[in-house]
Each structure stands twice: as C-alpha cells, then as structure tokens.
Amino acid sequence: GEVMAKSLVTAFHQPAERAVIDRLIAQLAEIEPVEAPAVEGSPIAGKTIVFTGTLEHMTRAEAKARAEAMGAKVSSSVSAKTDLVVAGPGAGSKLAKATQLGVQVIDEQEWLKLIGEA
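Using the working numbering, the first residue of the sequence shown is number 40, and each one after it goes up by one.
Encoded structure:
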C-alpha cells in the first residue's frame, strides 16, 4: 500500500535506479511482435480470423489456439484486413460489420470442417 508507493517514488528519484529502469524500457521498445509461422497445407495459414457469438463445440480460447497453431492470426475486431469471421449464435456487431465489408462468414460447423475436426 502506502509504504510500497513511497518506496517506488524514492526509487524513481535515485539516478542509479532510474538508469536501470530506462535501460529496461529501451529493451522493451526493441521487442517486435512475432508473426505466426505459416503451416504448410493449412487452409487458414496467413489468414486473419475473428470469432464472434457463442461457440458450442470449443471455447473461444481453444478456437484461438487451434487457429494460431494452424498459422492464422486471430483478431478481436473485424476490419478490411479480416479474411474470415466464424459466427456462432448471438453474433452481433462483428457479424454486421463483416457483412458490410464483404468478409467471408462461416458458422461453427463450417469452421470445424475447415480445421479438420468435423
């Protein structure tokens, strides 16, 4: 609480501590995101996918992990760069935006077939 806050303020005002923090921040700025490697033969490799609505056969985390393992990038929002939207029951604004942008939309059954789990 209060003791920790005072300790942090004191540390930030010490030149040696500030130098360490500045070096750490500089190193963090150099980190670049790693693209998911394309999986040879994967129908979704290199594609950007958005999941929306309720998935009945897997959790959203499982669907995301499966897509990424197959070389896709999973996004939380639909844009002109989105290649595929997997829409389950209750899909709302993401589905509407995908339709508006002409993005391919499939349901969960089609998704399972696409990834070879149907």
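All C-beta atoms in this analysis are idealised placements derived from N, C-alpha and C, irrespective of residue type, glycine included.
query: Where the alpha helix (DSSP H) containing K120 begins and where it ends; result: Looking at the DSSP string, K120 is not in any alpha helix (DSSP H), and its letter there is neither H nor E.
query: Backbone CA spacing between Q139 and A102 [nearest angstrom]; result: 24 Å
query: Those residues which DSSP pairs with T87 across a bridge; result: K112
query: C-alpha distance - H52 paired with K112, whole-angstrom precision; result: 42 Å
query: Alpha-carbon spacing of G85 relative to T49, whole angstroms; result: 48 Å
query: Which residues DSSP lists as bridging V144, in chain order; result: V124
query: Through-space distance from K152 to S114, alpha-carbon basis; result: 21 Å
query: Exposure of I64, with buried meaning 16 or more beta-carbon neighbours within 10 Å; result: exposed
query: Rounded separation between K136 and E79 - CA only; result: 30 Å
query: Proximity to K133 [Cα-Cα], best of Q148, K45 and V89; result: V89
query: Alpha-carbon spacing of G141 relative to A108, whole angstroms; result: 26 Å
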